[in-house]
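Colleague: Here it is, the structure in full.
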Amino acid sequence: MTVLHRPPSPALPRGRTAPPLFPAVRAVIHDRTWAVGGATGITGVVVAGLLITSGAGGVSEVDLDLVQHVSRAHLPVLDEAALLVDRLFGPQLGAALVLLLTVAVWVVSRRAAAALTVLGVAVGPWAAAELVKLVVQRDRPDPGLLADPLIVEPHSFSFPSGHTALATGLALAIVLLAAGQRRALVVIVTGAASAAVAVVGLSRVWVGVHYPSDTVASVALGCSVVALALPSWLRLLDHLDDRRGAAPPVGPSAPNFPTTTDPGRTRA
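As numbered in this note's numbering, residues 45 to 312 make up the sequence shown, in order.
Right under this line is the structure:
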């Protein structure tokens, strides 16, 4: 009995219908190392937040002193810039930015998996920040203790910064897309993305709704979440690609029946 298989395409690896996504990133990913680092980073951020909230280490006092100094140094131009950043990376416009980037990736690559990967990298840090806020429950800076609070948000938590987490996710998604290009381009994109995250983090302190440690924690949390989730996600995509690309074997050929009718057999 012979079993026939579809021959693999000469242009693609066996069982694959398209080249793997983000090959330059795959070259540096080590599943266990990234997973351990990501889990350690997330745990560290949560523990640090709980310790800060409990008053350990005097971090809250240092944070408040820095926010108060910034509040006394306000300048109209920087105030307007910080308020613009607040709106740009807020829930509504921030979601629009993520959606725009996701659609652009899908249109250019014509691969839904690439668009979903970018979407997850961009949104994952923000979603994690919102969950950590519920665990840590650190109050925002008291507006009554600031010389010039530009924004008052008394009914939400402070640690970590959601705006900074969203900026971190978008920055990581853009760096992911740039990986594998010319080294100079990767350096420029990485530098610009890092600078944008820093600007968003500083703006949150400037408007008086976050402590400096909130923004630092957001960056650490965002990088940790992506480090933990991205290798497993890419491995899942490989598994799905292999299942789609693997052709089912053709069934065994039927035995050769005689073409003439057996005269001794009665028709049904």
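Just so you know, even glycine gets a beta-carbon here, dropped at the ideal spot from N, CA and C.
Output the distance between the C-alpha atoms of A172 and V121, rounded to the nearest integer angstrom.
Modeller: Approximately 32 angstroms between the Cα atoms of the pair.
Colleague: Using 10 angstroms around the beta-carbon of G206, count the other beta-carbons present and answer buried if the total reaches 16, otherwise exposed.
Modeller: Buried is the call here.
Colleague: Answer with buried or exposed for L221, where buried requires no fewer than 16 other C-beta atoms within 10 angstroms of its C-beta.
Modeller: Buried.
Colleague: Under the rule that 16 or more other beta-carbon atoms within 10 Å means buried, what is L163, buried or exposed?
Modeller: Classification for L163: buried.
Colleague: Just to confirm before moving on: does the CB-CB distance between P193 and G102 stay below 9 angstroms?
Modeller: Contact flag unset, no.
Colleague: Taking D109 as the reference, give the member of G81, V69 and H254 with the closest Cα.
Modeller: Ranking G81, V69 and H254 by Cα distance to D109 puts H254 first.
Colleague: How many whole angstroms separate the CB atoms of V89 and S268, which I take to be in contact at a CB cut-off of 8 angstroms?
Modeller: That belief holds up - the Cβ atoms of V89 and S268 are roughly 7 angstroms apart, short of 8 angstroms.
Colleague: Taking the alpha helix (DSSP H) that D130 falls in, what are its first and last residues?
Modeller: Residues P120 to L132.
Colleague: Within its chain, find whatever has a CB closer than 7 angstroms to the CB of A28; leave out the 5 residues flanking it on each side and keep chain order.
Modeller: Any question about residue 28 goes unanswered here, given that the chain covers just 45 to 312.
Colleague: Would you grab the beta carbon distance between A191 and L265 for me? Rounded to a whole angstrom, and I think it's under 8 angstroms.
Modeller: In fact, because the Cβ distance is near 30 angstroms, the residues do not count as touching under 8 angstroms.
Colleague: Buried or exposed for S115, please, with buried defined as at least 16 other CB atoms from any protein chain shown within 10 angstroms of its CB.
Modeller: Result: buried.
Colleague: Roughly how many whole angstroms lie between the Cα atoms of W277 and V152?
Modeller: Cα to Cα, the separation comes out at about 21 angstroms.
Colleague: On the CB-based measure, 16 or more other CB atoms within 10 Å of its CB, does V180 come out buried or exposed?
Modeller: Classification for V180: buried.
Colleague: Can you tell me which of the three DSSP states D75 falls into?
Modeller: Three-state result, D75: helix.
Colleague: Can you give me the C-alpha to C-alpha distance between G295 and R226, rounded to a whole angstrom?
Modeller: The predicted model places G295 with a pLDDT of 46, which falls under 50 and marks its position as unreliable, so this point remains unresolved.
Colleague: State buried or exposed for G188, treating a residue as buried only when at least 16 other CB atoms are found within 10 Å of its CB.
Modeller: It is exposed - the Cβ of G188 has fewer than 16 other Cβ atoms within 10 Å.
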